[in-house]
Amino acid sequence: MSEKTTKPHYHGHRARLRERFEASGPDALADYEMLELILFRAIPRRDVKGMAKSLIAQFGGFAEVLGAPIARLAEVSGMNDTSARELKIIHAAALRVHQAGVMHRPVVSSWTALLDYCRAALAQETTEQFRVLFLDRKNRLIGDEVQSRGTVDHTPVYPREVLRRALELGASAVILVHNHPSGDPTPSKGDIDMTREVITAARALKITVHDHIIVGREEVVSLKALGLM
Numbered sequence: 412m413s414e415k416t417t418k419p420h421y422h423g424h425r426a427r428l429r430e431r432f433e434a435s436g437p438d439a440l441a442d443y444e445m446l447e448l449i450l451f452r453a454i455p456r457r458d459v460k461g462m463a464k465s466l467i468a469q470f471g472g473f474a475e476v477l478g479a480p481i482a483r484l485a486e487v488s489g490m491n492d493t494s495a496r497e498l499k500i501i502h503a504a505a506l507r508v509h510q511a512g513v514m515h516r517p518v519v520s521s522w523t524a525l526l527d528y529c530r531a532a533l534a535q536e537t538t539e540q541f542r543v544l545f546l547d548r549k550n551r552l553i554g555d556e557v558q559s560r561g562t563v564d565h566t567p568v569y570p571r572e573v574l575r576r577a578l579e580l581g582a583s584a585v586i587l588v589h590n591h592p593s594g595d596p597t598p599s600k601g602d603i604d605m606t607r608e609v610i611t612a613a614r615a616l617k618i619t620v621h622d623h624i625i626v627g628r629e630e631v632v633s634l635k636a637l638g639l640m
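So for the sequence shown, my numbering puts the first residue at 412; every next one is plus one.
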């Protein structure tokens, strides 16, 4: 039997997909096809087209697949630790690119990019995560740090710790950010009260709280834009 007849059918498909990507770029590929290109690296000896389509169906889109927790990725038939880890590496690389687009730049001029970064970092998290963006006197982003992680509907926030870190970094202002794993970014009474506590404590140290951003599954809301701070 010749080598041609013994090659698995997906070898030709992989070659054609790579050629189409090289000739026309990512816009020529569907979301599941982009996922296939990534999965080729982790699963070299199996057809991954069906798996890629299942991932898109399960999570709703390319970005959502990359942002999904490893435990949920593993629920999709055919996925293993290696392939899930490959997807998370790509996600981490994408976050670095997003971060590079906003770090050390005035947030006013890169607000849309900042919101995109927050969404990419938090929209698919299954537990609440509270982050603080630290700004210098020119409102340039100088730090983005996770302050605490919580449960599916709560994360502890300590204003004293937020401001202590702001002083350590020499920050003149902060933006508070957290996610709602339920998918609904509507601020809770607790979110509003906590924001006001941080504002009151920050005022005594001459640190400005510019905003509190809440990330949902599909949307991002601003407490400042809602007139809640």
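Glycine included, each C-beta is placed from N, C-alpha and C at the ideal position.
Enclosing alpha helix (DSSP H) for residue i [first to last residue]
i	result
HIS502	492–511
Environment of residue i [buried if 16+ CB atoms lie within 10 Å]
i	result
ASP555	buried
SER435	exposed
LYS415	With a pLDDT of only 49 at LYS415, under the threshold of 50, the placement of this residue in the model should not be trusted; the figure read from the coordinates follows. LYS415 should be labelled exposed.
GLU433	exposed
DSSP three-state assignment for residue i, whether helix, strand or coil
i	result
GLN535	coil
ALA485	coil
HIS424	helix
THR619	strand
MET412	Residue confidence for MET412 is low, a pLDDT of 41 falling below 50, so the modelled location carries little weight; the figure read from the coordinates is stated next. Looking at MET412 - three-state DSSP - the assignment turns out to be coil, as it is neither helix nor strand.
VAL459	coil
LEU440	coil
VAL568	coil
ILE467	helix
LEU552	strand
ALA584	strand
Option nearest residue i by Cα separation, candidates the options
i	options	result
GLY601	HIS589, THR537, ALA612	HIS589
LEU587	ALA531, ASP595, LYS549, GLN540	GLN540
HIS621	GLU629, LYS635, ASP458	LYS635
LEU446	VAL513, GLY423, ILE500	ILE500
ASP547	ARG431, ASN491, THR619	THR619
ALA513	ALA524, ARG429, GLU536	For the record, residue 513 in the displayed sequence is Val; it is not Ala. Comparing Cα positions, the closest option is ALA524.
ASN550	GLY561, LEU637, TRP522	TRP522
ARG571	LYS617, ALA613, THR537	ALA613
PRO567	ALA577, LEU552, MET605, SER494	MET605
ARG452	SER494, HIS509, TYR528, ARG507	SER494
Span of the beta strand (DSSP E), counted from its first residue to its last, around residue i
i	result
ALA612	Segment 600–614 is the alpha helix (DSSP H) holding ALA612; no beta strand (DSSP E) there.
VAL632	631–633
ARG516	No beta strand (DSSP E) contains ARG516, which DSSP labels as neither H nor E.
VAL476	Here VAL476 belongs to no beta strand (DSSP E); instead the alpha helix (DSSP H) covers 473–478.
Counterpart residues of residue i in DSSP-defined beta bridges
i	result
ASN690	Residue 690 lies beyond the range of the chain shown here (412 to 640); nothing can be said about it.
SER559	PHE541
LEU637	Partner(s): none; LEU637 has no beta bridge.
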